[in-house]
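Student: Just so you know, we're using the working numbering here: the sequence shown kicks off at 146 and counts up by one.
Glycine included, each C-beta is placed from N, C-alpha and C at the ideal position.
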Amino acid sequence: MDMRIQVKLPDLSGEKGMQFAILRAAASGINKAAISARAMVAQSIREEYTAQSSAIKSRIEIKKANMRRLQAEIIIDGKPILLGKFKLSGTGKKRIVKTQVKKELGMIPLRHSFVASIKGVKTIWQRKGKPRFPVKALRGPSVPGMVRATIFKKIEPEINERVNREVQQAIQYAIGKGRVHLGS
146 MDMRIQVKLP DLSGEKGMQF AILRAAASGI NKAAISARAM VAQSIREEYT AQSSAIKSRI
206 EIKKANMRRL QAEIIIDGKP ILLGKFKLSG TGKKRIVKTQ VKKELGMIPL RHSFVASIKG
266 VKTIWQRKGK PRFPVKALRG PSVPGMVRAT IFKKIEPEIN ERVNREVQQA IQYAIGKGRV
326 HLGS
């Protein structure tokens with residue numbers, strides 16, 4: 146999935162100091178907008194799925210913009226999320242573990258499974274056979290699998306407007322701080 150956003154910058158012909166401040170302000174505005182875009186993607190995923198926000202955001206990487214490269218990249222990648230990061234019930238002894246991945250579906254019982262925290266990470270385990278070992282960690286969908294083109298189509302206009310607003314505010318802030326002098 147590829148999304149392109151155009152940013153309107155003021156005329157950069159003129160003083161070297163003005164160009165420097167405008168480019169730095171534009172990069173700052175683009176980076177702020179990229180961080181809010183990551184939050185919007187996570188929020189739109191959580192409208193359909195019960196995954197923890199931290200589990201979603203940790204799999205969305207941002208390559209920030211700088212003065213030489215005025216573009217930020219949002220890379221959605223990652224393995225399937227552990228089922229322990231979704232909504233759970235029945236985590237006590239002698240109880241059937243149930244989980245809910247999508248909000249529209251109910252709690253699904255997971256037979257022959259149990260919950261254990263290893264190094265502080267809650268994980269649902271299931272035995273592969275009768276003996277004590279081997280066990281496997283159960284996983285849900287991956288973040289790229291949860292993000293569909295419909296989610297991007299829904300939030301793209303808002304992200305585009307946010308980028309332009311953040312860049313304009315950053316440039317106005319730089320002008321107001323006296324770092325950029327328009328005119329002579």
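#1: State the DSSP-derived secondary structure class of residue 218, mapped to helix, strand or coil.
#2: Mind the definition here: the segment 187-197 touches the segment 293-309 only if three or more C-beta pairs lie below 8 Å; say whether that holds.
#3: Buried or exposed: which applies to residue 242, given that a residue is buried once 16 or more other Cβ atoms fall within 10 Å of its Cβ?
#4: By DSSP, does residue 284 sit in helix, in strand, or in coil?
#5: What's the gap between the Cα of residue 266 and the Cα of residue 229?
#6: Can a CB atom of chain B be found closer than 8 Å to the CB of residue 265?
#7: Is residue 268 helix, strand or coil by DSSP?
#8: At what residues does the alpha helix (DSSP H) containing residue 193 begin and finish?
#9: For a test of the three-state rule: what should DSSP assign to residue 248, helix, strand or coil?
#10: Within the continuous beta strand (DSSP E) that includes residue 231, where are the two ends?
#11: Out of 276, 222, 197 and 203, which one is the CA nearest neighbour of residue 247?
#12: So, helix, strand or coil for residue 206, using DSSP?
Tutor: Working from what's here:
#1: Looking at residue 218 - three-state DSSP - the assignment turns out to be strand.
#2: Contact annotation: the segment 187-197 touches the segment 293-309, with at least three C-beta pairs closer than 8 Å.
#3: Only buried fits residue 242, as 16 or more other CB atoms lie within 10 angstroms of its CB.
#4: Residue state, collapsed to three classes: strand.
#5: For the pair residue 266 and residue 229, the Cα-to-Cα distance works out to about 8 Å.
#6: As a matter of chain content, chain B is missing from the structure shown, which is built from one protein chain.
#7: In the three-state scheme derived from DSSP, where H, G and I count as helix and E and B as strand, residue 268 is classed as strand.
#8: Per DSSP, residue 193 belongs to no alpha helix (DSSP H) and is neither H nor E.
#9: In this structure, residue 248 counts as coil in the three-state DSSP scheme.
#10: Membership of residue 231 in any beta strand (DSSP E) is not indicated, and neither H nor E is assigned to it by DSSP.
#11: Put simply, of 276, 222, 197 and 203 the residue whose alpha carbon is nearest the alpha carbon of residue 247 is 197.
#12: Residue 206 falls in the strand class under three-state DSSP.
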